[in-house]
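For the protein sequence lines, the chains are L and H, in the order given. Each residue of the first sequence is one higher than the last, beginning at 501 in our numbering. Each residue of the second sequence is one higher than the last, beginning at 501 in our numbering. Backbone N, C-alpha and C define an ideal beta-carbon position, used for all residues, glycine too. For reference, the structure discussed in these notes is given below.
Protein chains: 2
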Amino acid sequence: MMAQIDNKTYERILAAADALFSQRGYAAVRLRDIAEAVGLQHASLYYYVPGGKEQLFVEVLERNFQRHREGLTQAIQNAGEDIRQQMLAVMGWFLSQPPMDLARLYYADMPQIDPAQAERLMRLALDAMSIPVCSAIEAANEAGQIAIANPFMAAMTLVNLAQGVKLIPASYLSKVERRAEISAEVVDMLLNGWRKR
Amino acid sequence: MMAQIDNKTYERILAAADALFSQRGYAAVRLRDIAEAVGLQHASLYYYVPGGKEQLFVEVLERNFQRHREGLTQAIQNAGEDIRQQMLAVMGWFLSQPPMDLARLYYADMPQIDPAQAERLMRLALDAMSIPVCSAIEAANEAGQIAIANPFMAAMTLVNLAQGVKLIPASYLSKVERRAEISAEVVDMLLNGWRKR
DNA sequence: GTCTATATTTCGATAGAC
DNA sequence: GTCTATCGAAATATAGAC
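Here's what the structure looks like:
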């Protein structure tokens, strides 16, 4: 029953699956990896997710995108009116989340699942990322803080760079650098541009 | 012998493998996909690549990175002295190449092959991308065209955004938009920044 | 060189005991 | 609910004919 699967173990399975799928993608994660992370035999996963790997993947992504949409909206709202603070909040949000590789998702993962599901999920993904950030950019535009001709492109640029910072391997970070500092550098570079002012 | 495998079929196998691996990643490509693209049975691939899938992947990446390093250097050089033209050349180069997802490469693909090979390949990848672009940025810095505090970060930002433009699904491009135009928009956004001038 | 046939391994999925 | 055992499909890899 629904009441039964709404328990701790189910949540831990989804969390482990989210972390693994987000990092390695659909094909490179085995059900055995997820089971091991939760401390179960892989066959036990079918008690919670009768649809198997694909259903697990879809449920993980749905939650993932919903969480991103709410989290981004909240982070931006908490950051106040200043677009720079809002951009830093966006970067910070993605740093706090499992990595998200939209390109891998679209080109590698989606072709392996049901096409109708794939299309729906990609729509959810794009909306989750673009709508909150786009709104913030348009508001800052109207407030005169920035002058962006193509808010959607700007939003996806920011999201793209946030993923980039998130995914810098730890071994490439010097001892003093932290992702939060790099995020701030990236934001200021985006705001001020490469040319002298 | 080496002379035998240096033929047309071998080149076609590498080209097909490059296109498929670049798009879908290591795990999501089957040897049968590559063989089919070349018009062979998958078992025939072992005549050219005795080491199988992993060897094929490694050889493809080595060539891939070498080509990128040379192609980027050449594209930048042909673009003249202006950093904007050089940036457009970088964007154009990546548009002309199979997609490259460094994050997927590092987190999804590399863990599936020999660790020593993986480390060597990631070094090649990072050098191929960063060194040519970084040099151009530093030169433009000294010429007073731009003012960049962290050339390496700026270089990887440009590379990251170039991949982003390359990977926009065709279905998300309106009829009038073309990737080259979006590339120019991105470059100008990077150069001028979001804030009013 | 390329094929067919087959071995081997891996992995998702199912059955059934407890 | 979780386990063990096993199935069946798929994918890599090998053997050997042509």
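For the stretch 613-625 of chain L, the beta-carbon criterion of a distance under 9 Å to any beta-carbon of chain H is satisfied by M622. With respect to chain H, the C-beta atom of L/M591 has no partner C-beta closer than 8 Å.
A Cβ of chain L is located within less than 8 Å of the beta carbon of H/N650.
The beta carbon of L/I534 sits no closer than 8 Å to any beta carbon of chain H.
For the stretch 595-614 of chain L, the set of positions with a beta-carbon nearer than 9 Å to some beta-carbon of chain H reads P599, D601, L602, A603, R604, Y606, Y607, A608, D609, P611, Q612 in chain order. Any Cβ of chain H closer than 8 Å to the Cβ of L/T573 would place that residue at the interface, and such an atom is absent. Not one beta carbon of chain L lies nearer than 8 Å to the beta carbon of H/K508.
Residue contact with chain H for L/N564: absent (no Cβ-Cβ distance below 8 Å to any residue of chain H). Using a Cβ-Cβ cut-off of 9 Å, L/N578 is close to nothing in chain H; its nearest Cβ partner there is about 21 Å away.
In the displayed model, L/M656 falls within a helix according to three-state DSSP. One thing to note: L/G664 has its Cβ no nearer than 8 Å to the Cβ of H/G693. In this structure, L/Y546 sits away from L/I513, with a CB-CB distance that is not shorter than 8 Å.
Here L/L531 has H542, L545, K553 as same chain residues with Cβ atoms under 7 Å from its own Cβ, once five neighbours each way along the sequence are excluded. With contacts defined by Cβ atoms closer than 8 Å, L/I682 and H/M587 do not form a contacting pair. Distance from the CA atom of H/P550 to the CA atom of L/Q597, rounded to whole angstroms, is 41 Å. Of all residues in the stretch 681-693 of chain H, only I682, E685, V686, M689, L690, L691, N692, G693 come within less than 8 Å of chain L when Cβ atoms are compared, listed by chain position. L/H568 is positioned such that its CB atom lies closer than 8 Å to that of L/A628. DSSP, reduced to helix, strand and coil, places H/W694 outside both helices and strands of the structure shown, so it counts as coil. Around H/V659, the same chain offers M629, V633 as residues with beta carbons nearer than 7 Å, after the five sequence neighbours per side are excluded. Taking a contact as a CB-CB distance under 8 Å, the pair H/P669 and L/Y606 counts as one, their CB atoms being some 6 Å apart. The shortest CA-to-CA distance from H/P651 to any of H/A643, H/A636, H/L661 is the one to H/A636. Within 7 Å of the CB of H/P669, the CB atoms of chain L belong to Y606, in sequence order along the chain. Here H/R530 carries a coil assignment [DSSP, helix/strand/coil]. With 16 or more other Cβ atoms from the protein chains shown falling within 10 Å of its own Cβ, L/V687 counts as buried. Counting only runs of 4+ residues, the alpha helix (DSSP H) found wholly inside the stretch 550-626 of chain L occupies 552-578, 583-595, in chain order.
With a threshold of 16 other beta carbon atoms within 10 Å, H/L556 meets it and is buried.
For L/Q574, the number of other beta carbons within 10 angstroms of its own is below 16, and it is reported as exposed.
In this chain, the alpha helix (DSSP H) harbouring H/A515 covers 508-524.
From the beta-carbon of L/L673, no residue of chain H is found nearer than 8 Å; the closest lies around 11 Å away. In this structure, H/A516 lies near H/V538, with their beta-carbon atoms less than 8 Å apart.
In this structure H/K666 is in contact with H/L595, their Cβ atoms being roughly 6 Å apart against a cut-off of 8 Å.
Taking the beta carbon of H/L661 as reference, the chain L residues within 7 Å of it are T657, N660, listed in sequence order. Within chain L, no residue has its beta carbon less than 7 Å from that of H/A516; the closest one is some 16 Å off.
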